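Numbering (my numbering), first residue to last: 8 to 148.
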């Protein structure tokens, strides 16, 4: 059974490792046996979660299982770029495609397809620092 995702007031990011206390940094996440830099932090657009309502689906920010929920920035365009979120520099590696696990857990057939190419991005943490709610996302390169 998966752990419930809880909202954090501060994400303590450790360069090259992950988020302090996160299940992947602790080695207890589903994909912990397949470590790679691009799985250290995930971001999803709040607008994509809100759009699900129009097609009769529902997924809250906590249910999305992403580390950060953004607003007002197109994340898909950031793949291959470096960004700053709060004090932390990140490298955006790739899209974070949804899996069947989320659809089954939330008992919402069609959720995986509805979030395909809209499930956010996976990032590598390049610098130590903290990320807080409402920190801005800025593109570096």
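Beta carbons: idealized from backbone N, C-alpha and C, even for Gly. Remember, predicted model here, so these are calculated numbers, not experimental data.
- Measure the beta-carbon distance from residue 130 to residue 97 and round it to whole angstroms, keeping in mind my assumption that it falls under 8 Å. The residue you call residue 130 lines up with position 123 of the chain shown. The residue you call residue 97 lines up with position 90 of the chain shown. About 4 Å; that satisfies the 8 Å criterion.
- Got a sec? Which residues, its chain only, sit under 7 Å from residue 64 by beta carbon, not counting five neighbours each side? If you number the chain shown from 1, residue 64 lands on position 57. Taken in chain order, the residues that qualify are 115, 117, 118, 121.
- Query: Anyone know if the C-beta pair for residue 5 and residue 132 falls short of 8 Å?
  - Reply: Residue 5 is absent from the structure shown; the chain starts at 8 and stops at 148.
- Output the distance between the C-alpha atoms of residue 142 and residue 109, rounded to the nearest integer angstrom. Residue 142 sits at position 135 when you count from the first residue of the chain shown. Residue 109 sits at position 102 when you count from the first residue of the chain shown. If I take the Cα positions, the gap works out to 27 Å.
- Message: Any contact between the stretch 75-85 and the stretch 53-61? By contact I mean 3 or more CB pairs, one from each, below 8 Å.
- Response: yes
- Message: Please report the straight-line C-alpha distance between residue 136 and residue 19, rounded to a whole angstrom.
- Response: Reading the chain shown from its first residue, position 129 is the one you call residue 136. Reading the chain shown from its first residue, position 12 is the one you call residue 19. Each residue's Cα considered, the two are about 6 Å apart.
- Message: According to DSSP, is residue 37 part of a helix, a strand, or is it coil?
- Response: Your numbering for residue 37 matches position 30 in the chain shown. Coil, per DSSP.
- Is DSSP giving residue 53 helix, strand or coil here? The sequence position of residue 53 within the chain shown is 46, counting from 1. Three-state result, residue 53: helix.
- Mapping DSSP to helix, strand and coil, what is residue 114? By 1-based counting over the chain shown, the position of residue 114 is 107. Correct three-state label for residue 114: coil.
- Task: Check whether the Cβ atoms of residue 22 and residue 134 lie closer than 8 Å to each other.
- Result: The sequence position of residue 22 within the chain shown is 15, counting from 1. The sequence position of residue 134 within the chain shown is 127, counting from 1. Yes. Within cutoff.
- Determine the DSSP secondary structure at residue 24, reduced to helix, strand or coil. Stepping through the chain shown from its first residue, residue 24 is reached at position 17. Of the three classes helix, strand and coil, the one that applies to residue 24 here is coil, per DSSP.
- Query: What does a CB cutoff of less than 7 Å around residue 27 pick up in its chain, not counting 5 residues either side in sequence?
  - Reply: The count along the chain shown starts at 1 and reaches residue 27 at position 20. Correct list, in chain order: 19, 21.
- Please confirm whether residue 82 and residue 52 have their CB atoms less than 8 Å apart. Numbered from 1 along the chain shown, position 75 holds the residue referred to as residue 82. Numbered from 1 along the chain shown, position 45 holds the residue referred to as residue 52. Yes.
- By a C-beta neighbour count over all protein chains shown, 10 Å radius and 16 as the cutoff for buried, is residue 145 buried or exposed? Counting from 1 along the chain shown, the entry for residue 145 is found at position 138. Exposed, since its Cβ has fewer than 16 Cβ neighbours within 10 Å.
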